[in-house]
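Novice:
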Amino acid sequence: MAGLRQRVARLLMKQAHLPYVGPVALWTFLFVIAPLGIILYFSLLSVGPLGQIVPSLTLRNYLGLFEGAYAVILLRSLAFAFGTNVICLLIGFPLAYWIARCGGRWKTTLIFLVIIPSWTCYLIRLYALKTIIGHTGLINSILLSSNLISSPIDILYTPFAVMLGIVYSWLPFMVLPIYAAVESLDATLLEASEDLGATPFQRLITVTLPLTKGGIFAGTIFVFIIALGEWLVPLLLGGAKVMMAGNLVEHYFIRVGNIPAGSAIAATITAIALLVVYLGIKLGGQEVLERVT
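In the working numbering, the protein residues as written are 231 to 523.
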């Protein structure tokens, strides 16, 4: 009888964490796993001649993603996401490093200045940027008044405008993880490398980058995933000239009503995003992600 009590007690001790994990697991299942399962299911269906969903499994929606204009849009989205990530890294790493190492007592204020634009409504920020780079916007007005150009430059509704809008919107998501990684960097290692005769560039390559790679990969996860699914920036700043995968999902779901085709595109974007998250965490971004979030 005593042995049975001990076994029951041990079993209860092992399950003691369930009241704490249970709500999180339930929330994740209801609002993450279940919606993804529904999207995956609909992506395997087809549409009849009258627009009705036909409950017959097929891979036609996925195969269509690699044909014609759909393949171009998907590749464009990947290229924009990769380019945005590279630009944010080239801007964000020096900025985060400078704030962490040279900010002094102004560190908090400087990081606050990086974050505060994201507190403004996303739509308002994009409309403000649209006004600045428009045909009669601030940039063209300054260039025309300075006699640097004779006619306005077409910036709006171009791939450049889309890339500018994505970088402008999501740059803080690259700066913050890198800042967290640089802040935790042991300064004595940099001093030791300097004492051993390493140049600033050598210190950057052999000490700083390897020790802050977690922040780089964490920032890559944030920026790449958001940029890959972006649809509002191409809609407002690219117009009908620059369409990305997110716009294609919106087109099929809302305008055409082809739920299976839109679900296939959404499932493909999700699969790519999950792959990026896995690689980023595998390569060392988990610790910085936990610190930032």
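Where is the CB? At the ideal position from N, CA and C, for every residue including glycine.
1. Indicate the three-state DSSP secondary structure (helix, strand or coil) for Val238 in the structure shown.
2. I need the boundaries of the alpha helix (DSSP H) containing Pro324, first residue and last residue.
3. If you reduce the DSSP assignment to three classes, tell me which class Tyr508 lands in.
4. Within this structure, are the beta carbons of Ser423 and Val463 separated by less than 8 Å?
5. Along the chain, where does the alpha helix (DSSP H) that runs through Pro389 open and close?
6. Between the Cα of Ser286 and those of Leu280, Glu297 and Ser273, spot the shortest distance and give me the residue it belongs to.
7. Runs of 4 residues minimum, wholly inside the region 415 to 503: which ones carry the alpha helix (DSSP H) assignment?
8. Quick check on the burial criterion: 16 or more other C-beta atoms within 10 angstroms. Buried or exposed for Glu421?
9. Grab me the residues of Val437's own chain with a C-beta within less than 7 Å of its C-beta, minus the 5 sequence neighbours each way, in chain order.
10. Going by beta carbon distance, what residues of the same chain come within less than 6 Å of Lys471, once the five residues before and after it are set aside?
11. Leaving out the 5 sequence neighbours to the left and right, which residues in its chain are closer than 6 Å to Asn315 when beta-carbon positions are compared?
12. Under the assumption that Leu266 contacts Ala475 (Cβ atoms under 8 Å), give the Cβ distance between them as a whole number of angstroms.
13. Check this for me: beta carbons of Val397 and Cys332, under 8 Å apart or not?
14. Take the Cβ of Thr498 as the centre, count every other Cβ of all protein chains shown within 10 Å, and call the residue buried at 16 or more, exposed below.
15. From the DSSP output, which residues share a beta bridge with Val284?
16. Taking C-alpha atoms, which residue in Ser493, Gly395, Ala411 and Leu320 lies nearest to Ala330?
Specialist: Result, derived from the coordinates:
1. Note that Val238 scores a pLDDT of 48, beneath 50, so its modelled location is shaky; the value from the coordinates is reported in the next line. Reduced to three states, the DSSP call for Val238 is helix.
2. Boundaries of the alpha helix (DSSP H) around Pro324: Gly298 to Cys332.
3. Residue state, collapsed to three classes: helix.
4. It is not a contact, given that the beta carbons lie outside the stated cut-off.
5. Element bounds for Pro389: Pro389 to Trp400.
6. The shortest Cα separation from Ser286 among Leu280, Glu297 and Ser273 belongs to Ser273.
7. Taken in chain order, the unbroken stretches of alpha helix (DSSP H) that lie wholly in the region 415 to 503 and span 4 residues or more are 417 to 425, 430 to 433, 443 to 458 and 475 to 480.
8. Under the 10 Å beta carbon count, Glu421 is surrounded by fewer than 16 other beta carbons and is classified as exposed.
9. Closer than 7 Å at the Cβ level, and outside the excluded window around Val437, lie Leu419, Leu420 and Ser423.
10. Around Lys471: Tyr387.
11. The answer, listed in chain order, is Thr450, Val453 and Phe454.
12. With a Cβ gap of about 16 Å, Leu266 and Ala475 do not count as contacting.
13. At least 8 Å separates the beta-carbon of Val397 from that of Cys332.
14. Sixteen is the threshold: when 16 or more other Cβ atoms of the shown chains lie within 10 Å of the Cβ of Thr498, as they do, the residue is buried.
15. Partner(s): Ser276.
16. The shortest Cα separation from Ala330 among Ser493, Gly395, Ala411 and Leu320 belongs to Ala411.
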